[in-house]
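Which chain is which? The protein sequence lines are A and B, in order.
Under the numbering used here, the first residue of the first sequence is numbered 8, with each subsequent residue one higher.
Under the numbering used here, the first residue of the second sequence is numbered 2, with each subsequent residue one higher.
Note that CB positions come from ideal geometry on N, CA and C, so glycine has one too.
As the structure is a prediction and not an experimental result, all values here were calculated from the model.
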Amino acid sequence: METTELDTVKNEQASKPQNWRRPHYDVSESDDAFDVQVHLPGVERSGIDISIKDDNLTVIGTRAEFNTQDWRPIRQELPQGDFRLDLRLNVPVKESKIRAQIENGVLNLQFPKKEKIKPRKIKIS
Amino acid sequence: MKLIHYKYPTTTDSNSLSRLFSFGTPSFERFETFFDEFLEAKSHKDQLASDLYEDDKNYFVRLELPGIDKNEVNLELENSVLTCSGHHSEKTENGKAEYSFKSSIPVPEGAASEDVSASYKDGVLIVTLPKREVSIPRQIKVK
Chain A
8 METTELDTVK NEQASKPQNW RRPHYDVSES DDAFDVQVHL PGVERSGIDI
58 SIKDDNLTVI GTRAEFNTQD WRPIRQELPQ GDFRLDLRLN VPVKESKIRA
108 QIENGVLNLQ FPKKEKIKPR KIKIS
Chain B
2 MKLIHYKYPT TTDSNSLSRL FSFGTPSFER FETFFDEFLE AKSHKDQLAS
52 DLYEDDKNYF VRLELPGIDK NEVNLELENS VLTCSGHHSE KTENGKAEYS
102 FKSSIPVPEG AASEDVSASY KDGVLIVTLP KREVSIPRQI KVK
């Protein structure tokens, strides 16, 4: 087969359009940190990719392939696709001390605040 | 197949457009929920979305229940309706967070009510309903 300029894409996976699902998430704040809870059902620990570039946080959750080879869909209501969440961090956080945990499909991210934005407590002498 | 009044489930965290265009013909109900979702109305979260699959021997119901402990989920099967309910509570820094959910999922009539099993992993619940013997197609040889 002759190769034309159009079929130079060898990797089929890469040429497919990517369908992202924006996951459900909650953000809460305590004195020392911001907590972000991201719902990523069907995503294993190894399928999570968390990155921070400048002040953009990106969480990508790739769903583990479950055994659908022999499964024929009868009714599909759940949205398909992997998860992607982009958030802007508009507060200074200690990037080296970010903690992430996943349990039962919920990712917990903890962003410790930098000292300068913590509320300052003043003792009465 | 029994006629069961069925309300289309909506999840506010799903992509409305992809939901609208990927499942069959959009009915007026669909459009309503589409616009509700568009306006971020959170009024009806009473039904959870679910997927239904089959293979030669089983039906599979797939539900997304992130953050739930498996002991908090109750499953019941009655008259071809699978009811999934539960109550979740957790302690947070700001007190207690809790919610309940209940969802009725119509399943095909050929599902045997015995030997129903369920597994929960990474926030996804998969219920396996074995097909009754009768509903498994049998090959008949012509002699």
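Between which two residues does the beta strand (DSSP E) carrying residue i extend?
i             : result
residue 117/A : 113-119
residue 143/B : No beta strand (DSSP E) holds residue 143/B; DSSP gives it neither H nor E.
residue 87/B  : 82-93
residue 97/B  : 96-107
residue 119/B : 118-122
residue 75/B  : 74-79
residue 83/A  : 79-83
residue 93/A  : 89-95
residue 57/A  : 50-60
residue 63/B  : 59-65
residue 67/A  : 63-70
residue 107/A : 106-110
residue 40/A  : 40-46
residue 131/B : 125-131
residue 34/A  : 32-36
Let me confirm a value: residue i is counted as buried when at least 16 other C-beta atoms fall within 10 Å, else exposed. Which label applies?
i             : result
residue 77/A  : exposed
residue 39/A  : exposed
residue 143/B : exposed
residue 96/B  : exposed
residue 34/A  : exposed
residue 37/A  : exposed
residue 63/A  : exposed
residue 63/B  : buried
residue 80/A  : exposed
residue 99/A  : exposed
residue 54/B  : buried
residue 100/B : exposed
residue 139/B : exposed
residue 52/B  : buried
residue 26/A  : exposed
residue 26/B  : Interpretation of residue 26/B is limited by its pLDDT of 42, a score under 50 that renders its predicted location unreliable; the figure taken from the coordinates is listed afterwards. By the 10 Å Cβ count, residue 26/B comes out exposed.
residue 86/A  : buried
residue 72/A  : exposed
residue 127/A : exposed
residue 70/A  : buried
Any beta carbon from chain A within less than 8 angstroms of residue i's own beta carbon?
i             : result
residue 102/B : no
residue 138/B : no
residue 83/B  : no
residue 51/B  : yes
residue 145/B : This structure cannot settle anything about residue 145/B, because the visible part of chain B is limited to 2 through 144.
residue 99/B  : no
residue 55/B  : yes
I want to see whether chain B comes within less than 8 angstroms of residue i, judged by CB atoms only; does it?
i             : result
residue 116/A : no
residue 97/A  : no
residue 43/A  : no
residue 122/A : no
residue 64/A  : no
residue 119/A : no
residue 102/A : no
residue 7/A   : This structure leaves residue 7/A out entirely; chain A is present only between 8 and 132.
residue 113/A : yes
Cβ-heavy atom distance between residue i and the ligand ADP below 7 angstroms?
i            : result
residue 91/B : No copy of the ligand ADP occurs in the structure displayed, which carries no ligand at all.
Of all the residues that make up the region 67-93 of chain A, which are near chain B by a beta-carbon distance shorter than 8 angstroms?
-> Residues passing the 8 angstroms Cβ filter: 71, 73, 75, 77, 78, 79, 80, 81, 82, 83, 84, 85, 86, 87, 88.
Between the region 61-72 of chain B and chain A, which residues of the former have CB atoms less than 9 angstroms from a CB of the latter, in chain order?
-> Those residues of the region 61-72 of chain B that come within reach of chain A (Cβ to Cβ, closer than 9 angstroms) are 61, 63, 64, 65, 66, 67, 68, 69, 70, 71.
Inspect the CB distances between the region 125-140 of chain B and the region 64-72 of chain B and report whether three or more fall short of 8 angstroms.
-> Yes, they touch.
Determine contact between the region 105-112 of chain B and the region 88-105 of chain A, defined as no fewer than three beta-carbon pairs at a distance below 8 angstroms.
-> The region 105-112 of chain B is not in contact with the region 88-105 of chain A.
For the region 110-128 of chain A against the region 39-57 of chain A, are there 3 or more C-beta pairs whose distance is under 8 angstroms?
-> With a cut-off of 8 angstroms, the region 39-57 of chain A and the region 110-128 of chain A count as touching, because enough Cβ pairs lie within range.
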